[in-house]
Every structure is written in structure tokens, then in C-alpha cells.
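Novice: In this note's numbering, the protein residues as written are 45 to 498. Note that the Cβ used here is the ideal one computed from N, Cα and C, for glycine as well. These numbers were taken from a predicted model, which means no experiment stands behind them. Here it is, the structure in full.
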Amino acid sequence: MYCLGTSQATTSEATLQGQYPKRITTRLTITALLGAALLIQPVNMATTTLSHNATSWCHEYHYLKAVIEATKSELTARIQDLKQDQEQQMVCNLASADEQTKGSGKAMQILSLATAGLADQHIQGVSTFINNVQLPLKYLQTRINIYEGMETAAMMFRFTAGSGTHGDGNATSTQCTIPLTFGTTQANLCSERPACATVEAVKAQLKKFTKVKTIQKTAPPDLIKHSGIATRAQAGNWANSGTEAGGCGTNFKIPGRPTVTPTGSTISGDTALPDNFNNYPSSEADAADQKKHRNDKLLAVYKKLKEAFANKPLKLTDITLAQIKMLARKSAVDAALLDPLCKFGKPWSETSNSKLDAEMDRIYSSGTDFKTNFIDNAKTIKIKIIDEAGSEPMELQHIVPKNEVPKALAYLNKHQLKTELAEKSAATTAAATSASQTCQTKIKKGGLQRQRWL
């Protein structure tokens, strides 16, 4: 049985840590599915009906398989998005460190710090998605098992009749024996998957559907019907041949091979998704219980899947200036970097917020080409990579794929350390010079008396 609860895809364990100059610290972890709340993007809510063209349970059977495959595909895509976002975050953080080291501005520092939580949110988003689809997939797989069981049951109705045998005598009193041979291969009650039940089509529907056409009853008599099982006999004498192909004489036969077809008599009309989860499966055992495959439970399961698909974290590569401003304001990054002395007014006041907004717009060129200017272009900044062969400049988009992040950080940290040491040295020299001048002044004023100062 396929279920994410027992065979879910997992991300590879890899933790990248780096200590950036001063306040910039990055820790990106791909294993722990923990983090902050999701930033939800709006989804088109146009009314659509899932399985809208169903005429029998075979259609629902194909749709169920497509839903499971679409959910698996969505999980794979979200894990890939997470990987890309983490790589993009590393690029932004390195660009921020490079910007701070060179003192070339504030744009990348704001971007890096304001979006620092997106990686955790993306990790949490994958975790939430897995948790929300476990029971629905268990329930849908159980429903698939019911339908596949009908394929097996149909084999018992599909048989061929051998030559009938009998003894001499009257047909009303002499036994007639007709051997039946049942098929050993899987029956094919359902035709191939319809074009509208592809993974791509269903995946698109799962984000916006509001109604479903479902099978209301799943008991065998409600799912299949058979015909053609009949015998014919009449009083009289048997033919004396003893065996006759197809039956015991011309007046006692099975006239033809039985037929079994799926029924469509229990299909519901377009039914709206429920407003609550009162009928949602309470446990894995509940989801796996074939006796509990009622229509109301299926609708609740679909509602849960729809919510899981709709709730998706914000991707760093898709972020807008408005969103970066919101994140920077929420975490007070804008004020910390742009107005550390509170010259714009009282923090969080309308005056301060207005001036910070204006400053952000100025820094990011009003955001008209935000992605091109400050995300894509961050990749073109070159960092020197120090190794045994010496140093060479490497563009940021190559640092993460080539696993050179520690070397790039080491270079930036070393460069920043040199700057800080130079600043301290200059300050010490200046202080010593000032102290010397003060001492000399006091000596001149007080002669050779011993002078003390703090």
C-alpha cells in the first residue's frame, strides 16, 4: 500500500553553517522539519469539479490513482523548491557579507536578514504538507483497494464451459455434468485512464476545485453487474453420444460466456466540499477500514488535500519588494540597519515607518526591477576562494554547487578581521597620540611633577 506515512520521501541530511561578519549568521538545515509559520500565497478559487465526467466507479478509480501520484509529485517539487531556496539564501547571505565587508551599501544585508526565516518556513511547509496528506492518501489507497478487489471478484464470473457429460436416460432424472474453467489472469473491468485524469490535470485541479462527483456506495453488488449465466433444459431423452461439446445435448447448455461490467448507478451529482472536518478519518485504522468508505468521509478527505495543496510557503526567488519590506518591518531589520540611532523618529511610529519605507524604496530603486537587481545580480558578485593552490575569484552562483561556502566565508571573515584589526590599531594609535599630547601639555604646565590621568 502506498502511503507517505510509511514510505515518504526524505531530504538528504546536510547542515551548512557559517558565521558572517558582525551580526550576520546563517544556519541552513535540511533535515529538521521545524520552523516558523507559513507565508501563504493566494490561489485561484474558480469553481471546478473533480472527476466531473465520471460515469462509473472506474473513472473515480483512475482519478484516485492520479490524485495519489499528483500528491507524490507535489511533495517532490516542494522538496526541490526547498533545495533551490536554500541555495538562493546562501547566495544572498554571501552577497550580504561581501557588501558589508566592502561597505558598499545595505541592500543585500537587508534582503539577507529579512528573509533569514524563509528557509525554516519552507522546511516547515514540507513538514506540514506531509502531515496533512498522510491520512488522505491512506484513505484513498484503501478505496483503490476496494475497486481493485472488484477486478478480482470479476474473475469468478468469467469462465468457459467444457464438454458436458451424462449417462443414458431421461433429462429430468439423469445428472448432467459440465466442467467450468475460471480465468487465472486479472480481469480488466476498467478501460485505460482517460485523458482528463492525468497527473498534470488532476494536480492543477487539486488547488482550486470546490465540488466532487463521487461513488456513494462501495459494496460489491453496487459496483458490478453480470449477465449471461443461464442454462437451458427440457424433458426428454439425452443424445446417446455421452459427451457433447458445450453441454449435455441440444436442450441443456450454457449458452455463452458470462459478462461482467461496472455499474454507474451510485454516482453522485456535483457535490460541494464540506465546511468542516467532522467526517474526516480519525486515525490510520479509521482510514484503512473499508466499512467506513462513505461519501461524506471522501469529501472531507478531498477538502484536506485541497488545503494541503493551497498552503504553500513563499519562495525566495519569487519574492517582491513589497514582501521584503513587510518581512524587514516585521523583524525590525529595516530600522536596525537604516536608522540605528532612531533619527527617523520613535521606532514603529507612523513617521519612522514612513521614512523607512521611503529609504527602502530608494535603496531598491522603487522595486521596479527588484528581482533582477538584487536577487539575480547577487550571483555575479565574486568572492575569492582560498585553497592550497592559492586564490581565485569565483562567482556566487558557483560557490554553493561546488561546496565552496566554507572557503568563501573564511575569506570574508579573514578580510573583515583584517579590517577590524586595522580599525583597532588606528584607534589605539590615535588614543596613544592623544594621551601623549595631553601628558606633554601637562608637563609643560606643571614642570617635572608626576602627572596622573584616567
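1) Hey, would you say the C-beta of T305 is under 7 Å away from at least one heavy atom of the ligand FAD?
2) Taking the alpha carbon of K359 as the reference point, which residue from K387, W101, Q133 and A114 has its own alpha carbon closest?
3) Using a threshold of 8 Å, state whether the C-beta atoms of T186 and A332 are closer than that.
4) Go ahead and label G169 buried or exposed: buried means 16 or more other beta carbons lie within 10 angstroms of its beta carbon, across all protein chains shown.
5) May I ask you to list the residues that DSSP assigns as paired with P238?
6) So, with DSSP's three-state summary, where would you put E439?
7) Whose C-alpha, out of N457, G389, K426 and S435, is nearest the C-alpha of K444?
8) Do you know offhand how far A163's Cα is from A141's?
9) Three-state secondary structure (DSSP) at A160?
10) Can you tell which of N320, N447 and A366 has its C-alpha closest to the C-alpha of E351?
11) Flag this pair as touching only if the segment 303-315 and the segment 254-267 have three or more C-beta atom pairs under 8 Å; answer yes or no.
12) Measuring alpha carbon to alpha carbon, tell me which of N421, C102 and N397 ends up nearest E195.
13) Since P306 sits in a beta bridge, which residues does DSSP pair it with?
14) Spell out a yes or no on whether the segment 453-460 and the segment 135-150 are touching, meaning 3 or more CB-CB pairs, one atom from each, closer than 8 Å.
15) Identify whether A248 lies in helix, strand or coil by the three-state DSSP scheme.
16) Give the C-beta separation of L94 and V256 to the nearest angstrom, bearing in mind that I take them to be a contact with Cβ-Cβ under 8 Å.
17) Taking the alpha-carbon positions, what's the G389 to D405 distance?
18) Given L465, which residues of its chain have a CB within under 6 Å of its CB, disregarding the five upstream and five downstream residues?
19) If we call anything under 8 Å between Cβ atoms a contact, is L371 one with L400?
20) From D330 to P318, what does the alpha carbon distance come to, in whole angstroms?
21) Mind checking D413: buried by the 16 CB within 10 Å criterion, or exposed?
22) Rounded to the nearest angstrom, what separates K468 and N421 at their Cα positions?
23) So who's on the other strand from K356, going by DSSP bridges?
24) Between I429 and the rest of its own chain, which residues show a CB-CB distance below 7 Å, the 5 nearest in sequence each way excluded?
25) Relative to the C-alpha of V111, which residue among K356, S396, F226 and K348 is closest?
26) Identify the residues that DSSP records as bridge partners of I259: which are they?
27) For K341, which option in V177, A139, T92 and Y183 has the closest C-alpha, if you only look at C-alpha atoms?
28) Can you tell me the Cα-Cα spacing of P238 and K356, whole angstroms?
29) Whose CA, out of N417, K415, P384 and R373, lies closest to the CA of N397?
30) In chain order, what residues of the same chain have a beta carbon less than 6 Å from the beta carbon of V135, not counting five sequence neighbours either side?
31) Determine the burial state of E131: buried for a count of at least 16 other Cβ atoms within 10 Å of its Cβ, exposed for fewer.
32) Can you grab the Cα-Cα spacing for the pair K369 / V345, in whole Å?
33) Of the choices Y107, I363, V177 and I123, whose alpha-carbon is the least far from that of I188?
34) What is the DSSP secondary structure of L94, reduced to helix, strand or coil?
35) Would D129 be called buried (16 or more neighbouring beta carbons within 10 Å of its own) or exposed?
36) Just to confirm before moving on: does the CB-CB distance between N417 and S409 stay below 8 Å?
Specialist: In short:
1) Among the ligands in the structure shown, none appear at all, so the ligand FAD cannot be discussed.
2) Q133
3) yes
4) The residue in question, G169, is buried, as its Cβ has 16 or more Cβ neighbours within 10 Å.
5) Beta-bridge pairing links P238 to no other residue.
6) strand
7) Per the sequence presented here, residue 444 reads as Val, with Lys not at that position. When only C-alpha atoms are compared, the closest one is K426.
8) A141 has its alpha-carbon roughly 18 Å from the corresponding atom of A163.
9) coil
10) N320
11) yes
12) Of the candidates N421, C102 and N397, the one whose C-alpha sits nearest the C-alpha of E195 is C102.
13) I268
14) With a cut-off of 8 Å, the segment 135-150 and the segment 453-460 count as touching, because enough Cβ pairs lie within range.
15) helix
16) 5 Å
17) Those two C-alpha atoms are separated by around 18 Å.
18) none
19) no
20) 19 Å
21) exposed
22) 33 Å
23) Listed as beta-bridge partners of K356 by DSSP are no residues whatsoever.
24) S435, E436, M438, E448, K451, A452 and Y455
25) K348
26) DSSP lists I311 as partners of I259.
27) Y183
28) 29 Å
29) R373
30) Correct list, in chain order: A422, K423 and L440.
31) Buried is the label assigned to E131, since at least 16 other Cβ atoms lie within 10 Å of its Cβ.
32) It is roughly 37 Å from the alpha-carbon of K369 to the alpha-carbon of V345.
33) Y107
34) Here DSSP, grouped into helix, strand and coil, assigns L94 to strand.
35) Buried is the call here.
36) Result yes, Cβ atoms of N417 and S409 sit closer than 8 Å.
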